[in-house]
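Taken in order, the sequence shown gives residues 220 to 567; the numbers are from the working numbering. Cβ atoms here follow ideal geometry from the backbone N, Cα and C, with glycine treated the same way. Since we're looking at a predicted model, the values are computed, not measured. Below is one structure, written out as structure tokens; comments come after it.
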Amino acid sequence: MEVLDFTRKSKEYSAERLFFVYGSESYLIDIACKQITANAGIELPELNHTKLESDAAADEIIDNVLRAPMFSEKRLVHIKNSELFTDGKSAALKELCDLLGDIPETTVLLFSFQGSDDQKILDRTQIPLQKLDKRKSLYKTLTEKAFIITANPLSEAMLRTWILSTAKKKGLVLNNQTVDFLSYICAPDMYSIMNELDKLASLGIPEPSADDILSICSHTTEYSIFLFHDYMIAKNYEKAFDLLQTIYTEEKSFIGLTASLANKFRLMYMAKSSLNLGYSAQTAADQLSKKAGIKAYPARLAVQECRGFTLENLKRSFKLLLDYDISQKSSTTPEDFRIFSLKLYTGI
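Put into structure tokens, the structure is as follows:
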């Protein structure tokens, strides 16, 4: 069950005593854990609510699970990001797994973990995540015995709704365009987006524009690459070349930039192909979003940005990027990235 479904129906599951919350979205993990804690109705939480961090040993967890509550009907034990998910076999771990099938009625046991067993999620996310190994005994036992709540990234439509609602609570008025722009250039997790909304609210900008968002939001590497591409498209070469130093300082190379630009030129090539077939801009963007598996906003951007290029220009630029990537990873010294950028965007 996904977190938002759980929060809507959480009281139906208040009798559950073993929970496993995991996924890539830390904000949603925290929401689920708070709801589970609230539903447990723990009296004297300072005595009966125990939080164990990642390095808690199996025997320590067992000791806490078996401990009787003090002046309360129940106690709650919460284990965060346990290293036991990647541990090998041990007598204590086997004992813990056996206990999970028969925990005391006075204990509510919650495991939370920021990670995923879905390779597609791991491949898409820009946040470093641990992979949950389905072969490990703790994971297998929890998936068999626990009530499972998954905290995966929201769909594009649901994320937009969440941003609009969160912004409204903070006194901000956004529209679909500024919401899409914010979610595109910010770090992709919900906590980071909330932090950017807090900054906009604290600066007294009730109806922020795209320019306001650009000037205020944190400069992640992905954000810097977006700006570099935008400056080059707009032929603002001075700002683009100034930004190269920032990107190099963050990444220590241009390998990440080259890969990101290759993806952007690939998308522009696909968009241009659709436009050349006579499709409208909206239809081309919809097709690109579906075929490339990307959100609507970057698809619309690719359709807009490809107009200044011919199909042959885009094909040539994509080939140049592949060749440059090879030269970076070999003993060959690649040419100055500023000169290379001009070749990409102007065809010189």
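The beta carbons of A490 and A521 sit about 4 Å from each other, so the pair counts as a contact at 8 Å. A direct Cα-Cα distance of roughly 25 Å separates I248 from D282. Taking a C-beta distance under 7 Å as the contact criterion, T326 and V284 qualify as a contact pair. The straight-line gap separating the alpha-carbon atoms of S421 and L561 is approximately 40 Å.
Shown here, F473 sits in coil according to DSSP, grouped into three states, outside any helix or strand.
With a beta-carbon spacing of about 15 Å, Q547 and I444 fall beyond the 8 Å limit used to define contacts. Here E235 carries a coil assignment [DSSP, helix/strand/coil]. Judged by beta-carbon spacing, S233 lies within the 7 Å limit of N258, meaning their Cβ atoms are closer than that value. With contacts defined as CB atoms closer than 7 Å, F238 and L329 qualify as a contacting pair. Contact between the region 262-278 and the region 391-398 is absent: fewer than 3 CB-CB pairs across the two stretches fall below 8 Å. In the three-state DSSP reduction, S335 falls in the strand class (E or B). Residues of the same chain with a CB within less than 8 Å of the CB of A311, apart from the 5 flanking positions on each side, are A276, A277, D278, I281 in chain order. DSSP, read as helix, strand or coil, puts I368 in strand. The beta carbon of Y410 is closer than 8 Å to those of S245, Y246 in its chain, skipping five residues each way along the sequence. For T440, the enclosing alpha helix (DSSP H) begins and ends at 440-452. For the pair A500 and S493, the CB atoms are not nearer than the 7 Å cut-off. In the DSSP assignment, R535 falls within the alpha helix (DSSP H) that extends over 530-547. When rounded, the separation of the alpha-carbon atoms in S309 and S301 is 15 Å. DSSP, reduced to helix, strand and coil, places K299 within a strand of the structure shown. The secondary-structure analysis by DSSP pairs K308 with nothing; it has no beta-bridge partner. In this structure, C436 is the residue among K454, C436, K293, D449 with its C-alpha nearest to the C-alpha of M413. Spanning the alpha carbons of T380 and A511 requires a straight line of approximately 23 Å. Here L361 is buried: its Cβ has 16 or more other Cβ atoms, across all protein chains shown, within 10 Å.
Following the DSSP letters along the chain, one finds T385 inside the alpha helix (DSSP H) bounded by residues 375-388.
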